[in-house]
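So the sequences go chain by chain: A and B.
All residue numbers for the first sequence refer to our numbering, where the first residue is 1 and numbers rise by one.
All residue numbers for the second sequence refer to our numbering, where the first residue is 1 and numbers rise by one.
Below is one structure; the comments refer to it alone.
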Amino acid sequence: MSQTDSKPAATPRWGMIIDLNACTGCSACAVACRAENNIAIAGAKEAAYNGTLQWMRIERTWTGSGRNFRVENRPVNCQQCDAAPCEPVCPVLATYTNAEGISVQVYNRCVGTRYCGLNCPYQGRFFNWFDYAWPSPMEVQLNPDVSRRTRGIMEKCSFCIQRILAAERQAELEKRALRERDIQPACAQSCPAEALRFGDLNNPGGAVGAAWDSSGLEVLLPEVGTRPKVRYARRVTPPDSRLAAAPTPTAEVEA
Amino acid sequence: MKRWKYALAALVLAGLGAAYPRLGLRAPRQPIAFPHNLHLQAGMHCADCHRDAAVSNRAGLPSVRECALCHQRLRARSPLIRQVMDYARRGIEIPWQRVYVYPASAHLRFRHNLHLAAGLACRTCHGDMRRLATARVWKPMPMGVCIACHRQHGAKTGCEDCHV
């Protein structure tokens, strides 16, 4: 790339922090993602074969019982790994990490070997087994900025790269630096609890950049060493005063 | 020997004929033979009708009501204009056929506004429409053409920048 003057001095590196304390599991992010990114609805029959396409999903876990019963809702999308296991296995280089740290999927290059999907430990990749239909009124809401994937290609969360590109180009047209607040993926924008925060990791003053290295954050499956750019703010349960007063010694208070 | 040469020539011609539509030099049949040249010679500009080009991904087409604004009076007796006015009276948009089409498998999102903002003229890609009546693809636009220009002018060349 020869042009450097029109770009900001530091290339942004996008990341996301998902606050599990704030998430209520309402699934607004999943719906917004589906609408923004033209994700097809595979239908009940395909869902039975695990063939649904869902870039953003809520993983629900139940822990404890009785008074200690806890529900945890965890929104899971592509974790945008720095060491993405999906990328080196693609025989046609249809997926790679771009300069801004987003693991992109190049639909026109994908030939559908599905190696990437098999290698993803987070189940963040989805294969188009068919040309899915958009029944008549639904095609009106298709996002013109995002392609409609066709049969035989893999798709995944792109951190709403179309919005990032649009904001970058708008900044370029207005001859100003890119503002972090101009960019929000559909999931973060739709979250009523503001549990999903998206930002530039290279910007230490930003909401995400400042909190990125704090000890309260965890990553999914740290043992596989993928170094995701999605981190979760660990759920903190305040000690329940009623439990402390209770004489039962079996009560496990999560502090 | 001579017959062999004729056969070869026929084969080459047949190959060219087969390749021609694949080059993307489309000239689709339009419901009304819209004369671009006459409109441009009359002093109109591309953006007068393709108004979205400066602000949107798509260049856009005007509604038939906008055609009717001028043609209610202007050359109202011409048989083609009568057809246009007929559409306008019935409140039906003219089913124009797209000329510049990329296959769905390209997953391409071309952005008119950015190319205009970068200072490209319409004719750089679409040719000189003052010489052309109904629109047709002026020159093939494979990805190499895009990339060559992007490299020359230092524009982005990542896959994800266009194939979103």
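Virtual Cβ for every residue (Gly too), placed ideally from N, Cα, C.
Inset, instruction - Using three-state DSSP, classify A/A251 as helix, strand or coil. - result: The predicted model places A/A251 with a pLDDT of 48, which falls under 50 and marks its position as unreliable, so this point remains unresolved.
Inset, instruction - Indicate the three-state DSSP secondary structure (helix, strand or coil) for A/A94 in the structure shown. - result: coil
Inset, instruction - Could you confirm whether any beta carbon from chain B is found closer than 8 angstroms to the beta carbon of A/P121? - result: No, A/P121 does not count as interfacial toward chain B.
Legend entry - A/I58 in three-state terms, based on DSSP: Note: A/I58 maps to strand in three-state DSSP.
Inset, instruction - Please name the residue in B/L114, B/A118, B/A117, B/V137 whose C-alpha comes closest to that of B/C125. - result: Comparing Cα positions, the closest option is B/V137.
Inset, instruction - Count the CB pairs spanning the stretch 99-109 of chain A and the stretch 99-109 of chain B that are closer than 8 angstroms, and state whether there are at least three. - result: yes
Inset, instruction - Specify the secondary structure class of A/A32 as computed by DSSP and reduced to three states. - result: helix
Legend entry - Counted within 10 angstroms of its Cβ, other Cβ atoms place A/I102 as buried (16 or more) or exposed: buried
Legend entry - Inter-residue spacing [alpha-carbon to alpha-carbon] between A/Y96 and B/R90: 52 angstroms
Legend entry - Endpoints, alpha helix (DSSP H) assigned at A/G15: It is not in any alpha helix (DSSP H) - A/G15 instead sits in the beta strand (DSSP E) that spans 14-19.
Legend entry - Anticipated Cβ contact below 8 angstroms, A/C86 with A/C116, distance rounded: The beta-carbon distance between A/C86 and A/C116, rounded to whole angstroms, is 4 angstroms. This is short enough to meet the 8 angstroms contact definition.
Inset, instruction - Taking only runs that begin and end inside the stretch 123-197 of chain A, name each unbroken alpha helix (DSSP H) of 4 or more residues, in chain order. - result: Annotation note: the stretch 123-197 of chain A contains the following uninterrupted alpha helix (DSSP H) runs of length 4 or greater, listed N- to C-terminal: 161-173, 186-190.
Legend entry - Per-residue burial, A/G11 [other beta carbons within 10 Å of its own, 16 or more giving buried]: The sequence shown places Thr at residue 11 of chain A, not Gly. It is exposed - the Cβ of A/T11 has fewer than 16 other Cβ atoms within 10 Å.
Inset, instruction - Kindly list, in the order they appear in chain B, the residues whose Cβ is closer than 9 angstroms to that of A/S147. - result: The contacting residues are A104, A106, H107, L108, R109, H163, V164.
Legend entry - Neighbour list for A/T150 in chain B, Cβ cutoff strictly below 9 angstroms: A104, S105, H107
Inset, instruction - Within the same chain, show all residues whose beta-carbon is closer than 7 angstroms to that of A/E168, passing over the 5 residues directly before and after it, in chain order. - result: Closer than 7 angstroms at the Cβ level, and outside the excluded window around A/E168, lie L178.
Legend entry - Stretch-stretch touch, CB-based, cutoff 8 angstroms, three pairs: the stretch 33-44 of chain A with the stretch 130-150 of chain A: yes
Inset, instruction - With DSSP collapsed to three states, give me the class of B/E66. - result: DSSP places B/E66 in helix when its eight states are reduced to three.
Inset, instruction - Find the residues of chain A that neighbour B/G158, judging by a C-beta separation of less than 8 angstroms, and give them in chain order. - result: N98, A99, V104
Legend entry - Any chain B beta carbon closer than 8 angstroms to A/P228: no
Inset, instruction - Would you kindly report the start and end of the unbroken alpha helix (DSSP H) that includes B/Q83? - result: 79-90
Inset, instruction - Kindly indicate the opening and closing residues of the alpha helix (DSSP H) around A/R231. - result: Unbroken run through A/R231 is the beta strand (DSSP E), 230-233; no alpha helix (DSSP H).
Legend entry - Beta carbon of A/R234 nearer than 8 angstroms to that of A/L20: Against a cut-off of 8 angstroms, the Cβ pair of A/L20 and A/R234 comes out as a contact.
Legend entry - Residues that B/A117 contacts on chain A, provided the C-beta gap is smaller than 7 angstroms: L173
Inset, instruction - Consider the Cβ of B/L61: report whether some Cβ of chain A lies at a distance smaller than 8 angstroms. - result: Output row for B/L61: interface = no.
Inset, instruction - Identify the continuous beta strand (DSSP E) that holds A/S74 and give its terminal residues. - result: A small correction: the amino acid at residue 74 of chain A is Arg; Ser does not occupy that position in the sequence shown. That run of the beta strand (DSSP E) goes 70-76.
Legend entry - Simplified DSSP assignment, three categories, for A/L217: Note: A/L217 maps to strand in three-state DSSP.
Inset, instruction - Sort A/N128, A/G225, A/E180, A/K175 by Cα distance to A/Y49 and report the nearest one. - result: Closest option to A/Y49, judged by alpha-carbon separation, among A/N128, A/G225, A/E180, A/K175: A/N128.
Legend entry - Segment contact flag, the stretch 28-37 of chain A with the stretch 55-63 of chain A, C-beta cutoff 8 angstroms, min 3 pairs: yes
Legend entry - Pairwise C-alpha distance: B/C49 and B/L13: 39 angstroms
Legend entry - DSSP beta-bridge partners of A/V104: DSSP links A/V104 through a beta bridge to A/Y96.
Legend entry - Neighbouring residues, chain A, relative to B/L114 (Cβ below 7 angstroms): R169
Legend entry - Pairwise C-alpha distance: B/V84 and B/R65: 9 angstroms
Legend entry - Exposure of A/I39, with buried meaning 16 or more beta-carbon neighbours within 10 Å: buried
Inset, instruction - Using beta-carbon positions only, say whether A/V224 and A/P121 come within less than 8 angstroms of one another. - result: yes
Inset, instruction - Mind the definition here: the stretch 113-122 of chain B touches the stretch 29-36 of chain B only if three or more C-beta pairs lie below 8 angstroms; say whether that holds. - result: no
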